[in-house]
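Numbering (this note's numbering), first residue to last: -8 to 396.
C-beta: ideal position from N, C-alpha, C; glycine also.
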Amino acid sequence: MALAWATRAIETSGEASLTNYSEFLSLAPATHVAEIIERSSWSCAHGVGRWSTDCGCRMRAGSSQAWRGPLRSALDGLRSRIDAFFERSANDVFMDPWVARDAYIDVVLDRSVDSTARFLSAHGRGRLAGSDAQRALELMELERFAMLMFTSCGWFFDDVDGLETTQILEYAGRAIDLATRLGAQDVVSDFEDALALARPSGGAVSAREVFQRRVAAAQVDAERVAAHVAVAALVGSPDVFDSSAHAVEVEDLATSGQPGTRPLLATGRVVVRHRFTSSAEARAFAVLHEEDLVFAGVTTRGDATLPLEHLHALARAGESGSLRTLLESVDGARVTSIGDLLPDAQGRITVPPPLRSYAGLTKDCVVIGANSRVEIWDAAAWQEYLEGTEQDFADADEEVLPGLF
Ligand SMILES: [Zn+2]
């Protein structure tokens, strides 16, 4: 609003006229050639200090950026190990791995099948197909994330746990995932120890905490997607999870029991395909909805089998306890719960109907939270709870927390 008002005021005053860069350039063509001085920037008077040292450039007086240098060292170390692994491995599939890395921008800008095939035939060693083509593309994605983790805004702002720094650590996490999948044994090495040194002076939170709490939690692997689908199959639509990175297919979905009654059982298979590299992983799942908030289930690797007939027979007979015991006995299974639901590509979570009715959510809601947990309450129920709690505190005749109450 303020900007709209300001531009209209400038235009109507006749003091200046609004233009754009191309119009200005055609009216006033360049008269000098400028050369950019290496290791200089517009937003730091210390060259590129802002991206490698605690140079004093910041938004907020009094804040500490002692974390910037160590963060840079930690990522430099990770990048060196990734690049060494890339050089050792990519020669099998590319004629010149670094030339291919630079040319991969064409695939990043156009991810169609044709564009990818053109890239592989121009740079691949021989005719790459099947697992070789997949490996080649994963190596390219590895290098892409090893560059993304140096996105400059990760160092630009004041705080080590800000949005931008968290984002570059997520890129680093994805690079580590890819390197590990490709067989690199030593890329992680002392990365987390190096991140521990990246903290503001006197600050409690280092880049390691950010990496462990936020990045590790945000990583979505096939196991996690399968767990999401398993729970979503019972409380809504199983295909709600779809991201720019993964395509999810659900096969052999079967349910036993009547919707709205308990127990309700869903079984099926989930195939998670990575869009950029075509790699795919499959998981089988069985999940049981016992009571309002109680879900229990398992996901297993594709080659493990679940006793499907037995499970469905127990569900039809309403034998919740035996079902749970049988699920818990499945070898190598991962237990799923309502907490496995993932946000969608826009970061939204659908509150499933059973939870909405449990919490009585109809119209006005209150969202409260602490640390990594949020609670969503019906507004009237929250008010009632608060009034009751306040009365409890008022009635307490001894100090609840010494010195506080
Ligand atoms: Zn500076």
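On the three-state DSSP scale, how would you describe residue i?
i: Arg274; result: strand
i: Asp168; result: helix
i: Phe85; result: strand
i: Gly53; result: coil
i: Gly194; result: coil
i: Gly117; result: coil
i: Glu132; result: helix
i: Glu375; result: helix
i: Glu242; result: strand
i: Met140; result: coil
i: Phe148; result: coil
i: Leu(-6); result: helix
i: Gln176; result: coil
i: Ala94; result: helix
i: Val321; result: coil
i: Ala65; result: helix
i: Val342; result: coil
i: Leu100; result: helix
i: Pro298; result: coil
i: Val391; result: With a pLDDT of 47 at Val391, under the threshold of 50, the modelled position of that residue is not reliable, and the figure given next carries that caveat. DSSP places Val391 in coil when its eight states are reduced to three.
i: Leu111; result: helix
i: Leu332; result: coil
i: Glu310; result: coil
i: Thr380; result: helix
i: Leu352; result: coil
Quick one: using the 10 Å Cβ neighbour count with 16 as the cut-off for buried, is residue i buried or exposed?
i: Tyr349; result: exposed
i: Ala224; result: buried
i: Arg266; result: exposed
i: Glu161; result: buried
i: Trp33; result: exposed
i: Leu395; result: Any answer about Leu395 is weak, because its pLDDT of 47 lies below 50 and its placement is not dependable; what the coordinates show is given next. Leu395 comes out exposed.
i: Thr291; result: buried
i: Cys144; result: exposed
i: Glu29; result: exposed
i: Tyr12; result: exposed
i: Pro88; result: buried
i: Leu16; result: exposed
i: Gly53; result: exposed
i: Tyr95; result: buried
i: Thr268; result: buried
i: Leu314; result: buried
i: His23; result: exposed
So if DSSP puts residue i in a beta bridge, which residue, or which two residues, is it bridged to?
i: Trp368; result: Val357
i: Ser247; result: Leu256
i: His237; result: His265
Anyone know if the C-beta pair for residue i and residue j falls short of 8 Å?
i: Leu173; j: Leu133; result: yes
i: Ser197; j: Val151; result: yes
i: Cys356; j: Ile367; result: yes
i: Phe76; j: Ala163; result: no
i: Asp74; j: Gln56; result: no
i: Ser43; j: Gly68; result: no
i: Val321; j: Leu297; result: yes
i: Val201; j: Thr156; result: yes
i: His303; j: Leu317; result: no
i: Leu119; j: Leu111; result: yes
i: Leu346; j: Asp369; result: no
i: Ile245; j: Gly259; result: Reading off the sequence, residue 245 comes out as Ala, not Ile. In this structure, Gly259 lies closer than 8 Å to Ala245 by Cβ.
i: Ala187; j: Arg204; result: no
i: Ala166; j: Ser64; result: no
i: Gly40; j: Ser31; result: no
i: Val220; j: Val261; result: yes
i: Asp149; j: Met(-8); result: no
i: Arg400; j: Ala137; result: What the structure shows of the chain is the stretch from -8 to 396, and residue 400 is not part of that stretch, so it cannot be assessed.
Quiz item: Which whole runs of the alpha helix (DSSP H) in the region 1 to 53 are 4 residues long or more, in chain order?
Solution: 12 to 18
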